[in-house]
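Working notes, structure below.
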Amino acid sequence: MSTLIEFWDREKEMLRSEPAYAGDFVRWCYQTAVGRFFLEHFFAKRPFNWLYGHFQASRWSLPEIERDIESFHIDLTEYEESTYRSYAEFFHRSFRPGARTFQTDPEILPAFAEGKYLAFAEMHPEREFPVKGRCLKPGQLLGNAELAKEFEGGPMLICRLCPIDYHHFHYPDDGESGRSYRVGGGYHSVNILALKAQPDIFLKNEREITLLSTRNFGPLAFIEVGAMTVGKIVQTHPNPAHFKRGEEKGYFMFGASTVIVLGKKGCWRPAVDLLEQTAAGRETHVKLGTGVASRE
Numbered sequence: 001m002s003t004l005i006e007f008w009d010r011e012k013e014m015l016r017s018e019p020a021y022a023g024d025f026v027r028w029c030y031q032t033a034v035g036r037f038f039l040e041h042f043f044a045k046r047p048f049n050w051l052y053g054h055f056q057a058s059r060w061s062l063p064e065i066e067r068d069i070e071s072f073h074i075d076l077t078e079y080e081e082s083t084y085r086s087y088a089e090f091f092h093r094s095f096r097p098g099a100r101t102f103q104t105d106p107e108i109l110p111a112f113a114e115g116k117y118l119a120f121a122e123m124h125p126e127r128e129f130p131v132k133g134r135c136l137k138p139g140q141l142l143g144n145a146e147l148a149k150e151f152e153g154g155p156m157l158i159c160r161l162c163p164i165d166y167h168h169f170h171y172p173d174d175g176e177s178g179r180s181y182r183v184g185g186g187y188h189s190v191n192i193l194a195l196k197a198q199p200d201i202f203l204k205n206e207r208e209i210t211l212l213s214t215r216n217f218g219p220l221a222f223i224e225v226g227a228m229t230v231g232k233i234v235q236t237h238p239n240p241a242h243f244k245r246g247e248e249k250g251y252f253m254f255g256a257s258t259v260i261v262l263g264k265k266g267c268w269r270p271a272v273d274l275l276e277q278t279a280a281g282r283e284t285h286v287k288l289g290t291g292v293a294s295r296e
């Protein structure tokens, strides 16, 4: 039986539900003793993810494209026309020109990815996330306790992508890049079922972190989190030292994935609707480029 995930659809202003992608498999991995054994010793390790990525890059994966289009009602008219040679090519498809526009108001922070968002107005040394009673510590997330001090008490936005989503991520404002580094880790699923079972997954998974100095929203920590079957995080911007609002920063290869943005206290605040839905224990589906926060 498929597991349904409930979320708030911001555009339609209504609660919706959809099947959890690979929900039965994820539930087995994270909620059974046998599944957890295979997860820790095989599925969350690099060799499995490398092998599965190669399968998804082959023509044998093509039947999965039509299956997902039908199951998740993907509107292909929003994307550039292409003849896909594998599911991996379909996975990192691009929007056609004009399909998405970025908020131009300098007071508004636009969505840096398209997916399901959680929002927190303040990050503390021990923030309960995403399930009550579990903690996410900024220092562990950034892999640097000293660096985390700049973002303590500041806002946080999390955009979780499932395999059917648009997997490119973009700069939310004009600015300059500072330090960029990688924190090694495993390859756990970021499916919401997995997060409920193991809320510290973001601390376990491999992630790439870039410190951004933005024109309108102060310093940001832009964090790309790898996940089960993510083959690679690809950086595509031709001049990463300087960037403009809406420009593509990079994309994920095959697999579900997540982008997290941390801000400095007093610089900006997440949108009210995102905060309300997060407080109610729900994610909000947000389109790329629409407002997700405002300058304080």
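For the sequence shown, our numbering assigns the number 1 to the initial residue and increments by one for each residue that follows.
Yeah, the Cβ is synthetic: ideal placement off N, Cα and C, and Gly gets one too.
Just so it is clear, the structure is predicted and the values come from calculations on it, not from any experiment.
Contact check for residue 68 against residue 5 fails: the beta carbons are separated by 8 Å or more. CA-to-CA, the gap between residue 63 and residue 213 works out to about 43 Å. For residue 219, the secondary structure class from DSSP, reduced to helix, strand or coil, is strand. Between the alpha carbons of residue 252 and residue 225 lies a gap of roughly 9 Å.
Residue 262 sits away from residue 110, with the two beta carbons spaced by 8 Å or more. In the three-state DSSP reduction, residue 103 falls in the coil class, being neither helix nor strand.
At a Cβ-Cβ threshold of 8 Å, residue 283 and residue 117 count as neighbours. When C-beta atoms of the region 274 to 290 are compared with those of the region 158 to 177, three or more pairs fall below 8 Å, so the two segments count as touching. Secondary structure at residue 52: helix, using DSSP grouped into helix, strand and coil.
Per DSSP, the continuous alpha helix (DSSP H) segment holding residue 139 begins and ends at 138 to 142. Taking residue 179 as reference, the option from 58, 241 and 73 with the minimal CA-CA separation is 241.
DSSP places residue 32 in the coil class of the three-state scheme, outside both helix and strand.
Taking C-beta atoms under 8 Å as the contact rule, residue 209 and residue 142 qualify, at a distance of about 6 Å.
In the DSSP assignment, residue 16 falls within the unbroken beta strand (DSSP E) covering 14 to 19. Residue 18 and residue 154 have their C-alpha atoms roughly 32 Å apart. DSSP, read as helix, strand or coil, puts residue 278 in helix. Cβ neighbours of residue 232 within its own chain (closer than 7 Å, five residues either side excluded): 253. In the DSSP assignment, residue 69 falls outside any beta strand (DSSP E) and within the unbroken alpha helix (DSSP H) covering 63 to 71. Rounded to whole angstroms, the Cβ separation of residue 61 and residue 99 is 25 Å, and the two are not in contact under 8 Å. Partner residues in the beta bridge of residue 250, as assigned by DSSP, are 169 and 235. The three-state secondary structure of residue 59, taken from DSSP, is helix.
The C-alpha of residue 83 is placed about 46 Å away from the C-alpha of residue 145. DSSP, reduced to helix, strand and coil, places residue 24 within a helical segment of the structure shown. Comparing alpha carbon positions, the residue from 219, 162 and 24 closest to residue 259 is 162. Counting along the chain, residue 90 sits inside no beta strand (DSSP E); it lies in the alpha helix (DSSP H) bounded by residues 87 to 91. The three-state secondary structure of residue 3, taken from DSSP, is coil. Under the 10 Å beta carbon count, residue 292 is surrounded by 16 or more other beta carbons and is classified as buried.
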